[in-house]
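Residue numbers (my numbering): 1 to 374.
For glycine and all other residues, C-beta sits at the position ideal for the given N, C-alpha and C.
Source: prediction; values computed, not measured.
Let me begin by presenting the structure, written as structure tokens, before commenting on it.
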Ligand SMILES: C[S@@+](CC[C@H](N)C(=O)[O-])C[C@H]1O[C@@H](n2cnc3c(N)ncnc32)[C@H](O)[C@@H]1O
Ligand code: SF4
């Protein structure tokens with residue numbers, strides 16, 4: 001019995017890439033359209049990983065597998081505690097610039113592009129560009145309000161887009177933190193995506209206010225019934241213009257939620273990913289700052305992750321190659337203590353002041369706003 005428990009626990013401890021592939025695999029088993037989606041993604045992942053090895057040697061830089069990009073910081077919602085609400089809205093990447101980052105990402109061997117923001121679908125070109133760059137897997141996080149049934153069909157037909165619709169639990173949790181009616185909108189979007197045959201899931205932010213509901217069987221069962229094949233739980237980080245320190249989970253809450261996550265993986269027909277646990281791995285080192293991912297903001301600034309708006313390069317000057325060769329990101333990686341989290345879910349945010357000091361040795365540094373110290 002003990003052996004069986006240990007084995008199932010080991011099975012449920014996987015990295016994010018493997019978790020995503022597992023959920024795609026489970027989802028793909030039911031029909032040939034889905035199996036085609038799955039095989040194509042695996043094939044492109046393989047090509048990208050070979051290309052990455054070659055390009056790393058060629059450019060003498062570190063090319064992570066995942067590019068996170070916020071093509072816009074504009075949004076039609078105003079959610080409480082959103083980290084992006086005090087970012088700059090103007091001087092966005094043009095369509096040509098957005099397109100060229102994606103072309104370069106393919107050439108360099110990135111395999112996955114996480115599209116976030118702001119609300120990514122507020123830009124009319126976001127879906128067009130995802131459809132165009134078929135060799136990249138797009139994981140798009142959205143509030144869902146701008147996805148019509150027609151766009152859900154396009155998402156499904158494109159065959160390279162995973163849509164994560166944000167929801168905070170039940171109606172009261174979601175409408176409390178997001179706009180009134182946001183829960184209904186999310187459920188409607190799940191409906192469109194399911195009917196269109198797309199691969200999709202939910203994204204929820206864990207806070208002290210909704211953690212019990214998120215961990216409940218009822219919530220997870222509802223997400224499965226809505227057609228979600230995957231779910232991302234991200235722990236709240238107290239940043240942005242109105243940080244809610246009372247929403248930060250205690251270590252006890254965090255660990256007890258971890259147990260629930262491992263149980264869900266073993267017992268429910270959905271794969272769930274938990275940040276920070278699945279991002280940090282056993283060595284407790286964050287995978288951002290170019291280790292496994294980096295972030296490009298809406299103005300082209302290269303940032304270690306979306307939560308830490310400090311940058312040294314802009315892809316408008318040096319392209320994505322400059323991000324992969326960034327001395328600033330390398331300096332963060334060389335100070336591994338900056339990548340180790342303590343009380344919060346994000347080590348880089350927790351070490352914001354030290355990173356700011358580290359950044360001062362570089363010129364032209366762009367430092368985003370941070371209202372309060374934690
Ligand atoms: C910033 S939003 C952008 C995409 C889209 N507008 C949406 O809401 O899904 C991406 C995800 O980050 C989450 N988020 C926002 N502020 C956060 C914070 N301070 N800590 C952790 N997650 C946060 C949101 O709930 C959402 O699931
Ligand atoms: S969480 Fe998403 S929908 Fe809400 S304000 Fe932030 S960017 Fe907009």
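Rounded C-alpha distance that separates residue i from residue j
{"i": "residue 18", "j": "residue 285", "result": "18 Å"}
{"i": "residue 184", "j": "residue 60", "result": "49 Å"}
{"i": "residue 92", "j": "residue 145", "result": "21 Å"}
{"i": "residue 333", "j": "residue 213", "result": "36 Å"}
{"i": "residue 352", "j": "residue 276", "result": "17 Å"}
{"i": "residue 226", "j": "residue 322", "result": "42 Å"}
{"i": "residue 72", "j": "residue 89", "result": "7 Å"}
{"i": "residue 290", "j": "residue 29", "result": "34 Å"}
{"i": "residue 216", "j": "residue 268", "result": "12 Å"}
{"i": "residue 398", "j": "residue 133", "result": "The structure shown does not extend to residue 398, since the chain is modelled only from 1 through 374, so no value can be given for it."}
{"i": "residue 280", "j": "residue 287", "result": "6 Å"}
{"i": "residue 135", "j": "residue 270", "result": "25 Å"}
{"i": "residue 197", "j": "residue 242", "result": "38 Å"}
{"i": "residue 305", "j": "residue 38", "result": "28 Å"}
{"i": "residue 172", "j": "residue 221", "result": "17 Å"}
{"i": "residue 331", "j": "residue 356", "result": "12 Å"}
{"i": "residue 141", "j": "residue 208", "result": "22 Å"}
Start and end residues, beta strand (DSSP E) containing residue i
{"i": "residue 166", "result": "161-166"}
Coarse secondary structure for residue i, derived from DSSP in three states
{"i": "residue 109", "result": "coil"}
{"i": "residue 274", "result": "strand"}
{"i": "residue 115", "result": "strand"}
{"i": "residue 174", "result": "helix"}
{"i": "residue 3", "result": "Low confidence applies here, because residue 3 scores a pLDDT of 46, under 50, leaving its location unreliable; read the following figure in that light. Here residue 3 sits in helix by DSSP."}
{"i": "residue 30", "result": "coil"}
{"i": "residue 66", "result": "strand"}
{"i": "residue 104", "result": "helix"}
{"i": "residue 49", "result": "helix"}
{"i": "residue 332", "result": "helix"}
{"i": "residue 139", "result": "strand"}
{"i": "residue 203", "result": "strand"}
{"i": "residue 303", "result": "strand"}
{"i": "residue 293", "result": "strand"}
{"i": "residue 287", "result": "coil"}
{"i": "residue 308", "result": "strand"}
{"i": "residue 213", "result": "helix"}
{"i": "residue 266", "result": "helix"}
{"i": "residue 18", "result": "helix"}
Short CB-CB distance (under 7 Å) between residue i and chain D
{"i": "residue 216", "result": "Going by chain labels, chain D is absent from the structure shown, which holds only one protein chain."}
Alpha helix (DSSP H) segment containing residue i, residue limits
{"i": "residue 126", "result": "125-132"}
{"i": "residue 196", "result": "182-196"}
{"i": "residue 235", "result": "First-last for residue 235: 230-235, but that is the beta strand (DSSP E), not the alpha helix (DSSP H)."}
{"i": "residue 357", "result": "352-359"}
{"i": "residue 315", "result": "315-324"}
{"i": "residue 154", "result": "149-158"}
Closer than 6 Å: residue i CB and nearest ligand 1 heavy atom
{"i": "residue 166", "result": "yes"}
{"i": "residue 205", "result": "yes"}
{"i": "residue 81", "result": "yes"}
{"i": "residue 89", "result": "no"}
{"i": "residue 21", "result": "no"}
{"i": "residue 234", "result": "yes"}
{"i": "residue 237", "result": "yes"}
Any non-hydrogen atom of ligand 2 closer than 6 Å to residue i Cβ
{"i": "residue 118", "result": "yes"}
{"i": "residue 280", "result": "no"}
{"i": "residue 84", "result": "yes"}
{"i": "residue 77", "result": "yes"}
{"i": "residue 143", "result": "yes"}
**Request:** Please confirm if the stretch 97-110 is in contact with the stretch 63-73, defined as three or more CB-CB distances below 8 Å between the two stretches.
**Result:** The stretch 97-110 vs the stretch 63-73: in contact.
**Asked** Taking three-plus beta-carbon pairs below 8 Å as touching, is the stretch 285-294 in contact with the stretch 249-259?
**Response** no
**Request:** Tell me, please, whether the stretch 193-205 touches the stretch 230-239 by the rule of three or more beta-carbon pairs shorter than 8 Å.
**Result:** yes
**Given 8 Å, three or more beta-carbon pairs between the stretch 75-93 and the stretch 239-248** = yes
**Asked** Can at least three beta-carbon pairs, one atom from the stretch 325-332 and one from the stretch 121-135, be found at a separation below 8 Å?
**Response** no
**Request:** Report yes or no: do the stretch 260-280 and the stretch 309-321 share at least 3 C-beta pairs separated by less than 8 Å?
**Result:** no
**Message:** Quick check: the stretch 92-104 against the stretch 147-157, are at least 3 beta-carbon pairs closer than 8 Å?
**Reply:** Because the criterion of three Cβ pairs below 8 Å is not met, the stretch 147-157 and the stretch 92-104 do not touch.
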